[in-house]
Structure formats: structure tokens, C-alpha cells
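Engineer: Structure in C-alpha cells, see below.
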Amino acid sequence: MMLKKLFKDEEGNALIQTATMLPIIMGLFIGLVFFTNAARYKIVMNMAAKEAAREYQVSMGDTSEAINKAHEELALGEVVGASVSISLEEGSVEIIKPYGFYIPVGGKHLLNLKAKYKFKEELKERYYGTNW
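Numbering (my numbering), first residue to last: 673 to 804.
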């Protein structure tokens, strides 16, 4: 008789449902915030790599000006801690930013967000002169 009454009583049902679903919903929301922030970093890094490649072409191959331009663009997008490198062999600008987050059950995770943009070289003198 006591068991029937216990199972029919639904007074604390809403509280139990809320207590079980709240951590799941909060985890999904926090994950969405982290994902959105990582996507924003990636967009800013792609734009900075493109601008650095353009600056490299405009400055007739000056790597320091291109790297400075990439750092300026990263600062405008509030991306801190990214490294910029220019590979002349590949003809590209690469930006790498470590992005870490913590999952209570899964531990610490570190991702390397990468953005790469290849610069185009036109070597026809009639278009660009003899400086190339």
C-alpha cells in the first residue's frame, strides 16, 4: 500500500525533471558559446591571413610588413596569442592560434585553430615592372 502511494505521488516530479535537465541545457549553452567564439576567431584569422598575403604582394615581397599587417588585423578582431608565419616555398601566410577549453568530465582540451592563405604571384613584367 505504501509503495502504491509513493509511486502515485507526483509532488516532486517537476523538481526532479528540472534538476536532471538543467545541467544538460547549461552544458549545451556553454558549448555553443565556445563554438561561436572559435568560429569568430577563425573568421578573423582568415581575414588577417588574406590581408597579410595582399600586403606581401603590394609591398613587393616584404615579409615584415605582411606580418605586421596580419598582427594589426588580429588586434582589430581581438585575437590574442596567434602566431603568424610566411612560407615562401609554399607561397602562403599561415596563422595559428591555440584555443583551449575544459570539459568537467573530459578534462582539458587544446585545439590549434589554423588559417592559411596562398598569395598569387604574377611574374609578367608588362603588368608589374621589373621589380619582380
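Note that CB positions come from ideal geometry on N, CA and C, so glycine has one too. In this text the structure is predicted, and so the values were computed from the model without any measurement.
Can Val756 and Ile739 be called in contact, C-beta distance under 8 Å?
Structural biologist: Yes. Within cutoff.
Engineer: List in chain order: all unbroken alpha helix (DSSP H) runs of 4+ residues lying wholly within the region 724-800.
Structural biologist: Qualifying alpha helix (DSSP H) stretches, in chain order: 735-748, 797-800.
Engineer: Could you tell me if Ala720 is buried or exposed, where buried requires 16 or more neighbouring beta carbons within 10 angstroms of its beta carbon?
Structural biologist: When all chains shown are included, Ala720 counts as buried.
Engineer: Would Ile702 be called buried (16 or more neighbouring beta carbons within 10 Å of its own) or exposed?
Structural biologist: That one is exposed.
Engineer: Out of Ile696, Glu683, Tyr713, Arg712, state which residue places its alpha-carbon closest to the alpha-carbon of Pro642.
Structural biologist: There is simply no residue 642 to check, as the chain begins at 673 and stops at 804 in what is shown.
Engineer: Using the three-state DSSP reduction, which class does Gly684 fall into: helix, strand or coil?
Structural biologist: It is coil, neither helix nor strand.
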